[in-house]
Amino acid sequence: MTVVVKIGGARAVDPEGALADVASLVADGEDVVLTHGGSTAVDETLEDLGKEPTYVETPGGVVGRFTDEETMDVFKMVMPGKLNTDLVESLHNEGVDAVGLSGTDGKLLEGKRKSAVRVKEDGKKKIKRGDHSGKIESVNADLLETTLEGGYTPVVSVPMLGKEKSGGYTAVNADADRAAAAIAGALEADLVVLTDVSGIYEDPDDESTKIESAATPEEFEAVKAAAEGFMTKKVMAAEEALEGGAASVTVATANADAPITSALEGEGTTLEPGVLADEADEADDGEEVAQ
């Protein structure tokens, strides 16, 4: 079994339990690919440098980061630099032979660069140019499989490698949940998305309304209707993972003992491949936003 784990980057997410759980799974012979977010750390670094983070809303109502050139420089410092290195360091201290990879390494995560995005400002639709983002279109699964076969645990971070219209490449931002989804699909793995809540709630303010699972298109419609705010993108990512070939997707809390094992045993909200309709609508590129 291969498990792709995404650790959220929110301040309320404590990765300690997840890292110990990765070590336990690897010791038991499981293949684990760890991915991570870091939007909060990027924002804090930008603010330390005197730059205000910029977020935009798509015409469809999805909020994401606008990544200009200066923000992209900070993003590259924080995500594959500090955060990825910190996780690799921590895993080595747990006895795991971890290898840090960014999406640009070996064309691990590749797709077209988007330099302009459609946004909604003051009720009007506009085109905002100068963005450094992209939509992942391919995953170098062979690189990950070779790393795993060598006895190493990959720790993957965006940025991705963005193809320019000119034929060259630029490192660009991509949403970390959707990166994890693309990887899980390519490896036909179980995806565990660890965040600061215990799952997807029918009432976002009431943990007792957690949706345990969804296995049919009708049940998935209820999940999508319940998702609000940051959870909306996680549900979008879950759908993409299953469409890509992932075995299952579970959204669960990181702040628990053995959170990955618990999620695989049914804690959190688990989505099965059966949630996909026979005639799935293709995602609108205009909804592609970065973390």
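Mapping of the sequence shown onto UniProt numbering: position 9 corresponds to residue 9, and the numbering continues sequentially without gaps. In this text, a Cβ means the ideal position worked out from N, Cα and C, and glycines have one as well.
If you draw a straight line from the alpha carbon of residue i to that of residue j, how long is it in whole angstroms?
{"i": "residue 75", "j": "residue 42", "result": "6 Å"}
{"i": "residue 90", "j": "residue 99", "result": "12 Å"}
{"i": "residue 113", "j": "residue 133", "result": "6 Å"}
{"i": "residue 249", "j": "residue 213", "result": "10 Å"}
{"i": "residue 93", "j": "residue 157", "result": "20 Å"}
{"i": "residue 37", "j": "residue 15", "result": "11 Å"}
{"i": "residue 162", "j": "residue 104", "result": "9 Å"}
{"i": "residue 273", "j": "residue 87", "result": "30 Å"}
{"i": "residue 150", "j": "residue 21", "result": "20 Å"}
{"i": "residue 107", "j": "residue 210", "result": "38 Å"}
{"i": "residue 315", "j": "residue 4", "result": "Only positions 1 to 291 of the chain appear in the structure, and residue 315 is not among them; the question remains open."}
{"i": "residue 1", "j": "residue 48", "result": "42 Å"}
{"i": "residue 64", "j": "residue 229", "result": "11 Å"}
{"i": "residue 216", "j": "residue 69", "result": "42 Å"}
{"i": "residue 257", "j": "residue 17", "result": "6 Å"}
{"i": "residue 226", "j": "residue 144", "result": "34 Å"}
{"i": "residue 126", "j": "residue 31", "result": "44 Å"}
{"i": "residue 111", "j": "residue 135", "result": "6 Å"}
{"i": "residue 53", "j": "residue 246", "result": "33 Å"}
{"i": "residue 235", "j": "residue 223", "result": "8 Å"}
{"i": "residue 6", "j": "residue 119", "result": "27 Å"}
{"i": "residue 82", "j": "residue 45", "result": "11 Å"}
{"i": "residue 131", "j": "residue 115", "result": "4 Å"}
{"i": "residue 193", "j": "residue 239", "result": "13 Å"}
{"i": "residue 148", "j": "residue 138", "result": "19 Å"}
{"i": "residue 102", "j": "residue 72", "result": "14 Å"}
{"i": "residue 29", "j": "residue 218", "result": "36 Å"}
{"i": "residue 259", "j": "residue 220", "result": "23 Å"}
{"i": "residue 265", "j": "residue 188", "result": "18 Å"}
Tell me whether residue i sits in a helix, a strand or coil according to DSSP, three-state version.
{"i": "residue 233", "result": "helix"}
{"i": "residue 17", "result": "helix"}
{"i": "residue 51", "result": "coil"}
{"i": "residue 1", "result": "coil"}
{"i": "residue 166", "result": "coil"}
{"i": "residue 139", "result": "strand"}
{"i": "residue 80", "result": "helix"}
{"i": "residue 28", "result": "coil"}
{"i": "residue 12", "result": "coil"}
{"i": "residue 258", "result": "coil"}
{"i": "residue 43", "result": "helix"}
{"i": "residue 226", "result": "helix"}
{"i": "residue 73", "result": "helix"}
{"i": "residue 60", "result": "coil"}
{"i": "residue 94", "result": "coil"}
{"i": "residue 86", "result": "helix"}
{"i": "residue 221", "result": "helix"}
{"i": "residue 244", "result": "helix"}
Just checking my contact of residue i with residue j at CB under 8 Å: how many whole Å lie between their CB atoms?
{"i": "residue 271", "j": "residue 243", "result": "Contact doesn't hold; Cβ gap of about 11 Å is too wide."}
{"i": "residue 241", "j": "residue 181", "result": "4 Å"}
{"i": "residue 66", "j": "residue 56", "result": "5 Å"}
{"i": "residue 302", "j": "residue 269", "result": "Nothing can be reported for residue 302: it is not among the residues displayed for the chain, which extend from 1 to 291."}
{"i": "residue 84", "j": "residue 155", "result": "6 Å"}
{"i": "residue 232", "j": "residue 96", "result": "Their Cβ separation, rounded to whole angstroms, is 33 Å, which puts residue 232 and residue 96 out of contact at 8 Å."}
{"i": "residue 196", "j": "residue 253", "result": "7 Å"}
{"i": "residue 237", "j": "residue 178", "result": "5 Å"}
For residue i, which residues does DSSP report across the bridge?
{"i": "residue 250", "result": "192 and 270"}
{"i": "residue 120", "result": "125"}
{"i": "residue 133", "result": "114 and 173"}
{"i": "residue 7", "result": "36 and 194"}
{"i": "residue 109", "result": "139"}
{"i": "residue 201", "result": "210"}
{"i": "residue 154", "result": "99"}
{"i": "residue 160", "result": "172"}
Within 10 angstroms of the Cβ of residue i, are there 16 or more other Cβ atoms? Answer buried if so, exposed if not.
{"i": "residue 166", "result": "exposed"}
{"i": "residue 60", "result": "exposed"}
{"i": "residue 39", "result": "buried"}
{"i": "residue 11", "result": "exposed"}
{"i": "residue 206", "result": "exposed"}
{"i": "residue 9", "result": "buried"}
{"i": "residue 190", "result": "buried"}
{"i": "residue 129", "result": "exposed"}
{"i": "residue 164", "result": "exposed"}
{"i": "residue 198", "result": "buried"}
{"i": "residue 208", "result": "exposed"}
Is the Cβ of residue i closer than 8 Å to any Cβ of chain D?
{"i": "residue 260", "result": "Among the protein chains of the structure shown there is no chain D, as only one such chain exists."}
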